[in-house]
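Those letters in the sequence shown? Residues 52 to 308, per our numbering, in order.
Ideal Cβ positions, reconstructed from N, Cα and C, are used throughout, including at glycine.
Encoded as structure tokens, the structure appears first; notes follow it.
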Amino acid sequence: MPRFHCPEPLQTGAELDLPASAARHVQVLRMQPGQSLTLFPGAEPHSNAQYQATIVQMGRQNVRVHVDSVEHADREARPTIHLLAGMPANERMDWLVEKATELGAACITPIAAERSMLRLKGERAEKKQAHWRAIAIAACEQSGRNTVPTVAASISLKDWLQAQPAPDDGHAVAVQRLVLTPQGAQHSLAQWWQQRQAAAAEGSVDAVQVLTGPEGGLSEAELQLAVAHGFVPVSLGARILRSETAPLACLALLTAA
């Protein structure tokens, strides 16, 4: 059944016009009155809710639906993963956002690293952020995910670290920080994950922040800064993976059922 993101307030028994983007998609698919579709708000407080609806009217510019029922389907990854991705160039970042969404990343923050070829400021940065959010929404529609990940504005690693809450701020969530690097890592990601699972009785990891580099990797200064702020260096094995491949390999391992 076709799935569409609908951030409008939804409740069973209601009728509403779909948002313009969803309406255009329905029209492209040449759907007709009487056909069913699935809607999901994609955000709190109903991030796991999906609604079954029936098309009641097709106009030139609008599509009206009746909301028939609701169900809750939690398809989110455990642990919660925040991907801090050193921005690769051009369409590679688009691809990374799409696949990271499919694999369950809860938040994607584009990091403007020293070696990033993509540089964003002002209006261009805002347009890119909106573009990546649209990619994430489409990936949720395709993959069956009901929660749209946060796609943050691009930021330098230093500025991101400075904006983080202090360790003693009272937050109870257990967060582990990892930085993917082919050099200087004492453990592979697989070894680290096995150790964490073995130690689950002592306290599970609720969230993981994964830092990856752009083409050419993180600079030595950035790596040292990350380690100084609690990021544990881990590797992905003997091969050197592309900047858009490494974070996906990490996500796949951490979110595998």
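Exercise. Rounded to a whole number of angstroms, what is the C-alpha to C-alpha distance between S294 and T105?
Worked result: 42 Å
Exercise. Cβ atoms of I186 and E142: under 7 Å apart, would you say?
Worked result: no
Exercise. For R54 versus E192, is the C-beta distance shorter than 7 Å?
Worked result: yes
Exercise. Tell me which same chain residues have a C-beta within less than 8 Å of the C-beta of E165, skipping the five on either side of it?
Worked result: L269, S270, A272 and E273
Problem set entry | First and last residue of the uninterrupted alpha helix (DSSP H) at A277 | E271 to A279
Problem set entry | Host alpha helix (DSSP H) of Q311 (start-end) | The requested residue 311 is not part of the displayed model; the chain covers only 52 to 308.
For this session: Below 8 Å on the Cβ atoms is my guess for L302 versus G155; work out the distance and round it to an integer in Å.
Result: 7 Å
For this session: Output the distance between the C-alpha atoms of L287 and S72, rounded to the nearest integer angstrom.
Result: 39 Å
Problem set entry | Nearest neighbour of T131, chosen from D210, H280 and T198 [CA to CA] | T198
Exercise. Exposed or buried, P284, counting other C-beta atoms within 10 Å across all chains shown (16 or more means buried)?
Worked result: buried
For this session: Give me whichever residues DSSP pairs with I186 in a beta bridge.
Result: DSSP output for I186 lists no bridge partner at all.
Exercise. For L61, which option in L80, G85, V79 and Q101 has the closest C-alpha, if you only look at C-alpha atoms?
Worked result: Q101
For this session: Determine which residues share a DSSP beta bridge with V114 and list them.
Result: M109
Exercise. Can you pull the DSSP bridge partners for H133?
Worked result: C158 and Q260
Exercise. In this structure, does DSSP put S72 in helix, strand or coil?
Worked result: helix
For this session: Would you mind reading off the limits of the beta strand (DSSP E) that contains L90?
Result: S87 to F91
For this session: Give the secondary structure of T63 by DSSP, where H, G and I count as helix, E and B as strand, and everything else as coil.
Result: coil
Exercise. CB-CB under 6 Å to G267, same chain, minus the five flanking residues each way: which ones, in chain order?
Worked result: R166
Exercise. In its own chain, which residues sit with a C-beta less than 8 Å from the C-beta of K172, not counting the 5 before and 5 after it?
Worked result: none
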